Amino acid sequence: MISRDAIAIAVALLVVVLPGAALLFAFRVRVGPWFVGLSAAASVGVATLTAMACAVVGLRYGPVTLGVVTGVLLAVGAFRWFRGRGERHRRTPVAWRAGQLLGALLTIGAMVLAGIAWWGGLDTLSTVGQEHDLIVHHMLTAYIQRSGNGAPWQVLPADVLTGSGVAFYPAGVHLLAGVTGAVIGDTVVALNAVTIVVLGFGWAASLAALAYVAARRGGLGTSSATLAGGVAALVGAGLYRPVFSLMHEGGILANASAMVLVPGVLAALLSVPRKGWSAVVPLAIGCLGILAVHPTSLASVGVSLVAWLIGDALVRGGWRRVLGELPKLAAAGGLAVVIGLPLLLQILGVGGGAVDRFGADIAPQPFSQVVGNALGLVYSGWVPDSAGYPQFAAVLMTLLGVVAVLMTRRGMGALTAWFAWLSIEIAFATSPTSGPETPLAGLFYNAHLRIWSHLSLFVPVLAGLGVAITASGVALWLARVAPATRSRVRWVSLALAFLAGAGYLFGPGVKYAEVGAEYLTTRYSKSHFSRVGPDDEAAIAWLADRVRPGERVLNSANDGSTFLYVEKGIPIVNAMSLGSERAPYTYELLKRFNRYPEDAEVRKMLRDLNVRWLYVDVIAPGIGSGISPNDWVGQPNYALAPGFADLDGLPGLSLGFRSGTVSVYELDPDAAKAP
């Protein structure tokens, strides 16, 4: 089990990192933070373009096609490197190399913390996440893996058998998970492995890249900047938001993945090489990639970038620098629009629904409470021992960063970006859907947990800046009061920053990782509720050899029935918990199936779909249903489909299997009419 999980993580790491890194290599990008922070987003961009090309020419998207594209990029990069191998590079001073090594060690420590949290929460990669949104994530990964369809206009179909009734769903992460699943042969293990790589390791790398860039733009040396990145990664690894919050409170994998990639994309946007224009291409593909992960990233990156540039413009010479960067930023954005036009068309409504139908998920809160919760990095969710408590150590590190930036005016961009999202959070939480932030909040489904999470994108960066700036200041002060240390100022600064990071790692860092694991446990290894359990596995095993080609199983996607397709490839009627607007029969059967004896329209739907089986779990978890297609539910909450109740005695319907609360019925269409 351990060896299988280790292999799965290794495969996922290659799939998530290698295509993007190969792209950067092919374009001779030499900016370190790009490889650290942009590779994952660029990999999604490469995968998205590959999937679109495959759809156009009629090829399957999968390990072979993505592998060929990656191989070509590596070959181009190797050829260009070979031609330019005679170029001279400036020798790095010993102290700089030491600082880079120490910073890298801290970043690796942050990844270890993330691993502690995720393995503590999952126990094994075969553990099925039980949160509602993971229904779609498993289905989408399995569909890409099984069908070879991955273009934006191909996912997610209402009918997995024919691929029809597509309702657009952002599938950036799933493109990588689908390839991983095809390689290792297990969808659940693959999705969990990619989740850990992106939300754990990728989060640490993304923060390290942005903190490094922030420090360099603030005038700090390479060694101090690398240590700032390491400290930022450590602080971020233990924060409740965005990772643990979004996965615990909703299983919101796509949006969580986009958020953890935002710092890395920002780092690239803020460090475009001054010479040449070739770097614009991989930057544009990286921007396309994060957009494919989740469309809200456009607002996350856009607001953050504008706020950051405003902060940078406040320092001496800042406006000239910002104006000089705008042409290449505009070029990257324009190119991203051109190459990502098919994706943008889906996002803008050709293939999907609007988000403005969602009402605010919180009531107005007092100003003092909102400010206290935001600044205190307070836990929420359903773990009583932690909910409502602040993360004191992270708060102190953040305050250190705020003070250090204000006193030295280094890293002003990070401060203004953090303050911008703090203002948005306060405005939304005090007056949901009625303040000036309303249009922006609507892009995030008016969901408080999504908006609040943006603060945590810059808290670690401020913490890293605070430690690096303070360490440099203390080292200079020691040089004045203790002349013997003057020749060792750089080394003293590095030692102080590293010790601060190591102290955080082995102190509050470990504790925060344990709390994060507890939150994940409630949705994975010891979930508070069960959507996919042993009864489902027994039913799936019984039904697997009985469904004939062309037959479909009528189901409710709010229970474990979707794993008929995820595990066995058995076609099901419902891939989404409330049915699909693009296929009205999905929700009509959920609503009216038990009326088939006297309802000719229902019988016709069953015949057209060749439904011969019915899968029912009478105790499914409750979900919100305020925006069900055509408002078919008619109430805010939903668990068991009304059409799946009172089934005993219906003509043509016979019980074939039952285990616990899960039953499988066989439907005889010739006997399905009331006498």
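Just so you know, the working numbering puts 325 at position 239 of the sequence shown, and the rest follows in order with no gaps.
Positions of the beta carbon are idealized from the N, C-alpha and C atoms, including for glycine.
Note that the coordinates shown come from a computational prediction; the quantities given were computed from them, not determined experimentally.
Using alpha carbons as the reference points, say which of GLY474, ASP703, ALA297 and ASP272 lies closest to GLY350.
Within the sequence shown, residue 350 is the residue found at index 264, counting from 1. Out of GLY474, ASP703, ALA297 and ASP272, ALA297 has the C-alpha closest to the C-alpha of GLY350.
Since THR502 contacts ALA393 with CB under 8 Å, what's their CB separation in whole angstroms?
Counted from its first residue, the sequence shown places residue 502 at position 416. Counted from its first residue, the sequence shown places residue 393 at position 307. Between THR502 and ALA393 a beta carbon distance of about 5 Å is seen, short of the 8 Å cut, so the two are scored as contacting.
Range covered by the alpha helix (DSSP H) that runs through PHE514:
Walking along the sequence shown from the start, residue 514 turns up at place 428. Unbroken alpha helix (DSSP H) run through PHE514: 498-516.
What runs of the alpha helix (DSSP H), each 4 residues or longer, lie entirely inside the region 160-216?
Counting only unbroken stretches of 4 or more residues, the alpha helix (DSSP H) elements lying wholly within the region 160-216 are 180-208, in sequence order.
Taking its Cβ as the centre, do 16 or more other Cβ atoms sit within 10 Å of HIS614, making it buried, or is it exposed?
Walking along the sequence shown from the start, residue 614 turns up at place 528. Its Cβ having fewer than 16 others within 10 Å, HIS614 is exposed.
Taking the alpha carbon of ALA603 as the reference point, which residue from VAL155, ARG744, ASP209 and GLY487 has its own alpha carbon closest?
As a first step, residue 603 is located in the sequence shown; it is residue number 517 there, counting from the start. Selected option, being the one with the closest Cα: ASP209.
Specify whether the region 291-309 and the region 237-253 touch according to this definition: at least 3 beta carbon pairs, one from each stretch, less than 8 Å apart.
When C-beta atoms of the region 291-309 are compared with those of the region 237-253, fewer than three pairs fall below 8 Å, so the two segments do not count as touching.
In the DSSP output, which residue or residues are listed as bridge partners for SER331?
Within the sequence shown, numbered from 1, the residue matching residue 331 stands at position 245. According to DSSP, which records beta bridges pairwise, SER331 is partnered with nothing at all.
When DSSP builds the beta bridges, which residues end up paired with ILE669?
Indexing the sequence shown from 1 puts residue 669 at position 583. The residue asked about is misnamed: residue 669 is Ala in this sequence, not Ile. SER666, per the DSSP bridge assignment.
Would DSSP call VAL102 helix, strand or coil?
On the sequence shown, position 16 is the one that residue 102 refers to. Of the three classes helix, strand and coil, the one that applies to VAL102 here is helix, per DSSP.
Please state if the CB of MET345 and the CB of GLN605 are separated by a distance shorter than 9 Å.
Start at 1 with the first residue of the sequence shown, and residue 605 comes out as number 519. Start at 1 with the first residue of the sequence shown, and residue 345 comes out as number 259. Sequence check: residue 605 is Tyr here, not Gln. For the pair TYR605 and MET345, the CB atoms are not nearer than the 9 Å cut-off.
Mark GLY595 as exposed unless 16 or more other C-beta atoms lie within 10 angstroms of its C-beta, in which case mark it buried.
Numbered from its first residue, the sequence shown carries residue 595 at position 509. Only buried fits GLY595, as 16 or more other CB atoms lie within 10 angstroms of its CB.
Roughly how many whole angstroms lie between the Cα atoms of ALA291 and LEU199?
Working through the sequence shown from its first residue, we reach residue 291 at position 205. Working through the sequence shown from its first residue, we reach residue 199 at position 113. Their Cα atoms are separated by approximately 13 Å.
Give a yes or no on contact between the region 415-427 and the region 371-380, applying the rule of three or more CB pairs nearer than 8 Å.
Yes, the region 415-427 touches the region 371-380.
Alpha carbon to alpha carbon, how far is PRO256 from SER390?
As a position in the sequence shown, residue 256 is number 170, starting the count at 1. As a position in the sequence shown, residue 390 is number 304, starting the count at 1. Looking at the two C-alpha atoms, the distance is approximately 21 Å.
Residue range of the alpha helix (DSSP H) that includes VAL553
As a working mapping, residue 553 is identified with position 467 in the sequence shown. Where VAL553 is concerned, the enclosing alpha helix (DSSP H) stretches over 545-567.
As a quick exercise: from VAL275, GLY189, VAL115 and GLU217, pick the residue whose alpha carbon is nearest that of ALA96.
Your numbering for residue 96 matches position 10 in the sequence shown. Measuring from the Cα of ALA96, the nearest candidate turns out to be VAL275.
Please name the residue in PHE730, VAL117, SER212 and LEU220 whose C-alpha comes closest to that of GLY336.
Taking the sequence shown and counting its residues from 1, the one referred to as residue 336 is at position 250. GLY336 has its Cα closest to that of LEU220, out of PHE730, VAL117, SER212 and LEU220.
Taking C-beta to C-beta, are GLY589 and VAL618 nearer than 9 Å?
Position 503 of the sequence shown, counted from the first residue, corresponds to residue 589. Position 532 of the sequence shown, counted from the first residue, corresponds to residue 618. Judged by their CB atoms, GLY589 and VAL618 are not nearer to each other than the 9 Å cut-off.
Over the uninterrupted beta strand (DSSP E) stretch that includes SER749, give me the two end residues.
On the sequence shown, position 663 is the one that residue 749 refers to. If you look at SER749, you'll find it in the beta strand (DSSP E) that goes 748-753.
Return the chain-ordered list of same chain residues with a C-beta closer than 7 Å to the C-beta of GLY462, the five sequence neighbours on each side being excluded.
To locate residue 462, count along the sequence shown from 1; it is residue 376. Annotation for GLY462: PRO476 and VAL481 place their beta carbon closer than 7 Å to its own, counting only its chain and skipping 5 residues before and after.
Output the boundary residues of the alpha helix (DSSP H) element that contains TYR531.
To locate residue 531, count along the sequence shown from 1; it is residue 445. Segment: none, TYR531 is in no alpha helix (DSSP H) and carries neither H nor E.
Cβ-based burial, ILE230 [other Cβ within 10 Å; buried from 16]
Position 144 of the sequence shown, counted from the first residue, corresponds to residue 230. With 16 or more Cβ atoms within 10 Å of its Cβ, ILE230 is classed as buried.
Which of helix, strand or coil does DSSP assign to VAL596?
Numbered from its first residue, the sequence shown carries residue 596 at position 510. Note: VAL596 maps to helix in three-state DSSP.
Pull up the distance between the alpha-carbon of ALA624 and that of PHE649, whole angstroms please.
Within the sequence shown, residue 624 is the residue found at index 538, counting from 1. Within the sequence shown, residue 649 is the residue found at index 563, counting from 1. Cα to Cα, the separation comes out at about 11 Å.
Is the CB-CB distance between VAL154 and TYR326 below 9 Å?
Counted from its first residue, the sequence shown places residue 154 at position 68. Counted from its first residue, the sequence shown places residue 326 at position 240. Their beta carbons are not under 9 Å apart, which means VAL154 does not touch TYR326 by this criterion.
So is GLY438 buried or exposed if we call it buried at 16+ other beta carbons inside 10 Å?
Counting from one through the sequence shown, the residue named residue 438 turns up at place 352. Any reading at GLY438 needs caution, since the residue's pLDDT is 43, under 50, leaving its predicted position unreliable; the model's value is listed next. GLY438 sits buried, since 16 or more C-beta atoms from the chains shown fall within 10 Å of its C-beta.
May I ask which residues mark the beginning and end of the alpha helix (DSSP H) holding ALA311?
Here residue 311 refers to the residue found at position 225 when the sequence shown is read from its first residue. Counting along the chain, the alpha helix (DSSP H) containing ALA311 begins and ends at 308-324.
So what's VAL639 in DSSP terms, helix, strand or just coil?
One-based indexing of the sequence shown puts residue 639 at position 553. In the structure shown, VAL639 sits in a strand (DSSP, three-state: E or B).
What residues are listed by DSSP as bridge partners for ASN644?
As a working mapping, residue 644 is identified with position 558 in the sequence shown. According to DSSP, which records beta bridges pairwise, ASN644 is partnered with nothing at all.
Look at the alpha carbon of SER745 and the alpha carbon of GLY521, and state the distance between them as a whole number of angstroms.
As a first step, residue 745 must be located in the sequence shown, where it is residue number 659. As a first step, residue 521 must be located in the sequence shown, where it is residue number 435. Distance between the alpha carbons of SER745 and GLY521: 51 Å.
Count the CB pairs spanning the region 718-731 and the region 619-639 that are closer than 8 Å, and state whether there are at least three.
In this structure the region 718-731 does not touch the region 619-639; the number of beta carbon pairs closer than 8 Å is below three.
In the DSSP output, which residue or residues are listed as bridge partners for TYR724?
As a first step, residue 724 is located in the sequence shown; it is residue number 638 there, counting from the start. Listed as beta-bridge partners of TYR724 by DSSP are ILE709.
To the nearest angstrom, report how far apart LEU582 and LEU191 are at their CA atoms.
By one-based count along the sequence shown, residue 582 stands at place 496. By one-based count along the sequence shown, residue 191 stands at place 105. Roughly 15 Å separates the two Cα atoms.
Cβ of VAL130 within 9 Å of Cβ of ALA365?
Taking the first residue of the sequence shown as position 1, residue 130 is located at position 44. Taking the first residue of the sequence shown as position 1, residue 365 is located at position 279. For the 9 Å CB-CB criterion, VAL130 and ALA365 do not form a contact.
Can you tell me whether VAL436 is buried or exposed, with buried defined as 16 or more other CB within 10 angstroms of its CB?
In the sequence shown, residue 436 corresponds to position 350, counting from 1. Note that VAL436 scores a pLDDT of 49, beneath 50, so its modelled location is shaky; the value from the coordinates is reported in the next line. With fewer than 16 other Cβ atoms within 10 Å, it is exposed.
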